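Comments concern the structure below.
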Amino acid sequence: MTLDERPHAKTLRDLLLEVRGGYVLHRPILVDITPSADGDPDTTIERTLTMQLPVSGEPQLAAELAGCAFMLVGPNTLHGAADAPVTIGRSRRCDLRIDNESVSKVHGSIGFDEARGYVVVDENSRNGTRVNGQPLAPGAAAAVYAGAQVAFGDATFVFIDPPTLRKLARLAT
């Protein structure tokens, strides 16, 4: 398996099993918890995360998000945590593409800051970026931790870093 190879998993549960089976993940993921338009319980989260945020490594985090889709934040390589930030938006030119009308063409970015760890930046988006319900000022960076809720417009995700994912994988069944 090459370092840049993407996981075959489509859901967090499948990814945790791949990690448990030896897949090495070097980049964080965004787990999609955007409520579905049809209200399908298999694709929505029962708990309102803004009322009670999950604690990093908490077993319920894995169980609650198990059936959700995820996106890898950047190429799965070891080099350059300080590489250019990963751009997020609807445009095909973005590194992470979110197909949601509330998301701007270039909505935000996720990067790594040596002092603060992973950070989310709003790139002057139309519908704003929020971290744990708090809106970001355009251009301002907010640190994110494992279990943080990040919203780009109406598209909502849970941020999970590689160490937390490895802990969750040990708990996966």
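Numbering (the numbering used here), first residue to last: 598 to 770.
For every residue, glycine included, the Cβ atom is placed at its ideal position computed from N, Cα and C.
On a predicted model such as this, the values are computed, not experimentally measured, just so you know.
Candidates the options: closest to residue i by CA position
| i | options | result |
| --- | --- | --- |
| G744 | P735, G750, F756 and G736 | F756 |
| G705 | E711, R687 and L669 | R687 |
| V628 | A766, L733, F754 and P760 | F754 |
| E661 | C691, E698, L675 and I630 | I630 |
Rounded C-alpha distance that separates residue i from residue j
| i | j | result |
| --- | --- | --- |
| S722 | R713 | 23 Å |
| A748 | G618 | 31 Å |
| D710 | R689 | 26 Å |
| G730 | A740 | 13 Å |
| P735 | C665 | 29 Å |
| T726 | V616 | 30 Å |
| P632 | N724 | 17 Å |
| L675 | C691 | 21 Å |
| Y620 | Q746 | 25 Å |
Same chain only: Cβ atoms within 6 Å of residue i, ignoring 5 sequence neighbours per side
| i | result |
| --- | --- |
| R610 | A663 |
| L733 | D719, T726 and A739 |
| G750 | S699, V700 and N724 |
C-beta contact flag for residue i and residue j at 7 Å
| i | j | result |
| --- | --- | --- |
| T684 | V700 | no |
| P682 | G708 | yes |
Proximal residues to residue i (C-beta, below 8 Å), its chain only, five neighbours per side dropped
| i | result |
| --- | --- |
| A737 | V718 and D719 |
| P759 | L622, H623, R624 and P625 |
| D696 | R687 |
| A752 | D629, T631, I695, N697, S699 and V700 |
8 Å contact criterion, which residue i and residue j should meet: CB distance rounded
| i | j | result |
| --- | --- | --- |
| L622 | L762 | 6 Å |
| V716 | L693 | Rounded, the Cβ-Cβ distance is 15 Å, inconsistent with contact. |
Close beta carbons around residue i, own chain, < 7 Å, minus the five adjacent residues each side
| i | result |
| --- | --- |
| L612 | P604, A606 and F667 |
| A766 | L613, V616 and R617 |
| T608 | A663, G664, C665 and A666 |
Residue i: CB within 6 Å of a non-hydrogen atom of the ligand GDP
| i | result |
| --- | --- |
| P682 | Ligands displayed in this structure: none; no statement on the ligand GDP is therefore possible. |
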